[in-house]
Every structure is written in C-alpha cells, then in structure tokens.
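Residue numbers (this note's numbering): 1496 to 1617.
Built from N, CA and C at the ideal position, the CB exists for glycine as well.
Okay, structure first, notes after.
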C-alpha cells in the first residue's frame, strides 16, 4: 500500500540531477504546462505596461469634483467608488477614511503616453 507520492531523482555521471520524464508523463501534464506558460505570458506584458506607465512623466493634472458612493476594504488601501460631476464612475484607492456621500476633490492625472488615472487631491 502506497501512502504518499515519491519523487525519484537521478544523478548522472556529470553530477547533475535529472528527472526521468516519459512521453506519457508529458501528455498527461500538457494542459497544466500550457496553462502555466499562458498565465506567465499574460503577466509579463501587464508588468511591462505598469513599468512603462510609472516611467512616463505626468503631462497634466486637472481638478474634478466627485461624490463618494461606496468604499470597500479596511486599514490601508481602501477602494472607493466615486461618481464624477459628469455622471461617470471611477474607482480610487486611498489609505485615509472618507465619509460615504460626501463631496470630495480628486485629480485627473494624464501621463505623456495617454494613460489616465484618478487620485484624491492632497
């Protein structure tokens, strides 16, 4: 009776460890391997995009009035749902508590690469 999984490693004549893989093992695990590669491939452009946006200088900062509709989270990094003066909604993170239903001043920040985000006015 087998109680657990046992991984067998082999040390070849050069001193390197290797695993004895077979074609059947690769076929059985192909979905997991392909899924892992696809997720990693999707994360790399996302990280590169964030690094590009962080490196791009700010082109303009425009003041905007908004009303806080809801907040979610606790402690630091609370996410607020805000309704702008033109009726559109945005999500803004802040580490300070704000009263639901209150009018607040936020800033619409535009970077040189065209990326737009909102932040609470300090």
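Contact belief for residue i with residue j at Cβ below 8 Å, rounded distance in angstroms
i, j, result
"residue 1624", "residue 1610", "Residue 1624 falls outside the range modelled here, since the chain spans only 1496 to 1617, and no answer is possible."
Contact under 7 Å by Cβ, residue i with residue j
i, j, result
"residue 1604", "residue 1561", "no"
"residue 1589", "residue 1573", "yes"
Residue closest to residue i, alpha-carbon to alpha-carbon, out of the options
i, options, result
"residue 1559", "1538, 1593, 1596, 1577", "1577"
"residue 1438", "1613, 1614, 1617, 1606", "In the structure as shown, the chain starts at 1496 and stops at 1617, and residue 1438 therefore has no counterpart that could be examined."
"residue 1565", "1585, 1546, 1520", "1585"
"residue 1593", "1542, 1536, 1570, 1533", "1570"
Where residue i falls: helix, strand or coil (DSSP)
i, result
"residue 1501", "Any reading at residue 1501 needs caution, since the residue's pLDDT is 49, under 50, leaving its predicted position unreliable; the model's value is listed next. Looking at residue 1501 - three-state DSSP - the assignment turns out to be coil, as it is neither helix nor strand."
"residue 1616", "coil"
"residue 1589", "strand"
"residue 1534", "helix"
Cut-off 6 Å between Cβ atoms - residues of its own chain near residue i, not counting five sequence neighbours on either side
i, result
"residue 1555", "1605"
Same chain only: Cβ atoms within 7 Å of residue i, ignoring 5 sequence neighbours per side
i, result
"residue 1587", "1575, 1577, 1601, 1613, 1614, 1615"
8 Å CB neighbourhood of residue i in its chain, flanking five on each side removed
i, result
"residue 1595", "1563, 1564, 1565, 1566"
"residue 1568", "1574"
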